[in-house]
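**Q**
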Amino acid sequence: MAYIICFELFYIILEFLTVPDLLTLDYAFFIIVDPEKSLLPENWSQVADLIYCGAFAVSLVIFGCQFAYRYHVLKGNSSWTASTPRNFIFWLGTQAVLASFYSYFVHAFMQRNDYSKKIMKNVGYTDYRIESVGFIGLIFYPKLDNGTQIINWQSFIGVSVTTATLFASEFTMIYFAYKCFQATKSFINQSGCSSKFRRLQWQLFYALVAQAIIPILFMQIPMTMIYTSTIVLRRSIPAIGHLQSMTISIYLAIDALPTILIIKPYRDTVIRSLFFWKKRKVAPYQTNSSNSKQQHASWTNF
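Numbering follows this note's numbering, in which position 214 of the sequence shown is assigned residue number 236; successive positions increment by one, without gaps.
(1) Determine the direct distance from the alpha carbon of I84 to that of Q11, and round the result to whole angstroms.
(2) State yes or no: is the C-beta of I158 within less than 8 angstroms of the C-beta of D71?
(3) Measure the beta-carbon distance from W66 to C87 and round it to whole angstroms, keeping in mind my assumption that it falls under 8 angstroms.
(4) Measuring only the C-alpha atoms, how far is N323 from P287?
(5) Helix, strand or coil for S258, going by three-state DSSP, please let me know.
(6) At what residue ranges does the segment 177 to 225 contain a whole run of the alpha helix (DSSP H), taking only runs of 4 or more?
(7) With G115 as the anchor, note down where its alpha helix (DSSP H) starts and where it stops.
(8) When you compare only the Cα positions, how much space is there between I161 and A90?
(9) For the putative contact between L188 and L82, defined by C-beta atoms under 8 angstroms, what is the C-beta separation to the nearest angstrom?
(10) Would you say F51 and T252 are within 8 angstroms of each other, going by their C-beta atoms?
(11) C215: buried (16+ other C-beta within 10 angstroms of its C-beta) or exposed?
(12) Is the number of C-beta pairs between the segment 270 to 287 and the segment 218 to 227 that are closer than 8 angstroms three or more?
(13) Which residues mark the beginning and the end of the beta strand (DSSP E) in which F157 is found?
(14) State buried or exposed for G263, treating a residue as buried only when at least 16 other CB atoms are found within 10 Å of its CB.
(15) When the Cα atoms are used, what is the spatial distance from S182 to V292?
(16) Which residue from Q233, V80 and M247 puts its Cα closest to that of A275?
(17) Smallest Cα separation from Y150: which of C28, I26, F178 and E64?
(18) What does DSSP give as the partner residues of D48 in its beta bridges?
(19) Locate the alpha helix (DSSP H) running through P287, then write down its first and last residues.
(20) Around the Cβ of C28, are there at least 16 other Cβ atoms within 10 angstroms (buried) or fewer (exposed)?
(21) Tell me the DSSP secondary structure of K59 in three-state form.
(22) Out of curiosity, what's the CA-to-CA distance linking F38 and A278?
(23) For Y137 and D290, I'd like the C-alpha separation in whole angstroms.
(24) I'd like the span of the alpha helix (DSSP H) that includes E64, first residue to last.
(25) Is the distance from the Cβ of M132 to the Cβ of S177 below 8 angstroms?
(26) Thinking just about the alpha-carbon of each residue, which of T250, I282, R92 and L47 is nearest to the one in D185?
(27) When the Cα atoms are used, what is the spatial distance from S217 to V69?
(28) If we ignore side chains and look at the alpha-carbon of each, how far apart do R256 and V145 end up?
(29) Quick one: Cα of S105 to Cα of P237, how far?
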């Protein structure tokens, strides 16, 4: 889970630096990095926008990779989990390749054009600001000057890639979550492990499940709402884009909470830190034999 924490810290810093605007209006959806709002130089805006989109893609698949890794750990597949450069490159490189692939298609099929410029002018952007901002956009049914509405196939090709990533991440996560459940159950039943060890394994599994549900609720469902309102209904409103901006921030803020609250050693540490003023009882000195009995009883009752 350490690399998930590192990624989320990176995502938080990126969000703080870019301050992206998610604009939804009728049949259009834009992700804008405005130099007037962000902390980055103007010539970095477009690159930062692409990196932001790539980070969004990684946030969708990272838990599928985590479930897959945990499954191989439980099955004892050391060839996939051993601390080797090959495995390190594979588990981290897979997500980096996906982010690059995602960002490339976003750059290729979601660039600014005459249709996007027209909509941005309607919401108050000047010609100079349109050219200076970092821009990623989808316009599914633009209107020509004579009022005729057409289909923008470039946007549909771009959204097909993002949608495929969405469904692939959900399938991978659900598939390996179920495999992890089976492997955890089989591993605990077959091994002569202590009750403490059994509880810890289930706590790790439930924490990972809870941690994976958070991006589904706060990222995938709002993104599905955006696609539904812009593609199907063609009646999206700015509030939906603002909702997605807010839920991404909430996801980054609370995603670590399941691990802290469900896994007992972490939970106990937090509780002790919060109630640090409580004095700990000091046990009287005991002989070695009584000490060993007491330790055995404490491990049994954990």
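Note that beta-carbon positions come from the ideal geometry of N, C-alpha and C, so glycine has one too.
**A** Taking the geometry as given:
(1) The question about residue 11 has no answer, for the chain in this structure spans 23 to 324.
(2) yes
(3) Not a contact, Cβ separation roughly 29 angstroms.
(4) Because the pLDDT at N323 is just 39, under 50, the model does not fix this residue reliably, and the point stays unresolved.
(5) strand
(6) none
(7) Element bounds for G115: P107 to F131.
(8) 36 angstroms
(9) 6 angstroms
(10) yes
(11) Exposed.
(12) yes
(13) G156 to I161
(14) buried
(15) Their Cα atoms are separated by approximately 44 angstroms.
(16) Q233
(17) E64
(18) D48 is bridged by DSSP to S258.
(19) Where P287 is concerned, the enclosing alpha helix (DSSP H) stretches over K286 to L296.
(20) exposed
(21) coil
(22) 18 angstroms
(23) 56 angstroms
(24) E64 -> no alpha helix (DSSP H), and no H or E assigned at all.
(25) yes
(26) Rather than Asp, the amino acid found at residue 185 in this sequence is Thr. Of T250, I282, R92 and L47, the residue nearest in Cα terms is T250.
(27) 51 angstroms
(28) When only Cα atoms are considered, R256 and V145 end up about 17 angstroms apart.
(29) 28 angstroms
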